[in-house]
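Asker: Following our numbering from start to finish, the sequence shown increments by one per residue and tops out at 445.
Glycine included, every Cβ here is placed at the ideal spot set by N, Cα and C.
As the structure is a prediction and not an experimental result, all values here were calculated from the model.
First the structure, which I've put down as C-alpha cells, then a few questions once you've had a look.
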Amino acid sequence: MIMVSIGTFDWSSIRNLKRYPLSTNLVMLATVVVVVWTHNLAYGVFVGVLLASLFFANKVSHFMYVSSSLEEAQSRRTYKVIGQVFFNSADKFMASFDFKEVVDTVVIDLNRAHFWDISGVNALDKVVLKFRREGAEVELVGLNEASETIVDRFGVHDKPEEIERVLGGH
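As C-alpha cells, then:
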C-alpha cells in the first residue's frame, strides 16, 4: 500500500503549492494530515470533502446580489434577486432589502435566483413578512420549479397562523 501511495502521489503538487489557491492547499494538506494521523483513508477523504464543500459554499455565496428600482408614480419597488440563496447567503439576502421605505407594493423578482435550503426559504419568509408588517403588498414572481417546490413545502409567508412564529423574536 505504501508503494501505491508513493506511485500515485503527485509530487509536483508540493512544488506548486504557491500557485494553487489557499483553499485547495488547505484541503490537500488537511486530508494528508488526517490520513497520516488517524491511519484511516476514509477519515481523510471525509475531511477533504467536508472542507472542499465549505469552501465552495463560501465562494458561491459571494455571487448572490439584489438590485432594485422604484416606480414612484405607482409607489412600487421592484427587487431583482440574482444568485443562489442558501444557508451561507441568507443573511446577505435579508440585508439587501429596505424595510423602512414607504411603498404600496413590493415586487420580488426571483427569475434569476435559486433557493436551496430551509435557511434560504426562511430568509424569504422573513423578508415578505417584514414588508407586510410595514404595510406593503408583496408579490413574488419568477420562482423556478425547484425553488417553488421547496418554498411551498417549507415557506410560511402565505400561512397566516405561522407569522408570529417566524417574526416572533425579530
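For Leu-399, tell me which candidate among Val-431, Thr-424, Gly-282, Val-279 has the shortest Cα-Cα distance.
Answerer: Val-431
Asker: Pull up the distance between the alpha-carbon of Asp-392 and that of Leu-345, whole angstroms please.
Answerer: For Asp-392 and Leu-345, the distance between alpha carbons rounds to 30 Å.
Asker: Which complete beta strand (DSSP E) runs does the stretch 376-407 hold, if anything under 3 residues is left out?
Answerer: 380-390
Asker: Roughly how many whole angstroms lie between the Cα atoms of Val-308 and Gly-319?
Answerer: 8 Å
Asker: Taking the C-alpha atoms as reference points, what is the distance between Leu-304 and Phe-362?
Answerer: 26 Å
Asker: Which runs of the alpha helix (DSSP H), 4 residues or longer, sit entirely within the stretch 315-381?
Answerer: 316-336, 365-370, all fully within the stretch 315-381.
Asker: Under DSSP, the beta strand (DSSP E) around Val-416 begins and ends at which residues?
Answerer: 412-416
Asker: From which residue to which residue does the alpha helix (DSSP H) around Val-426 run?
Answerer: 420-429
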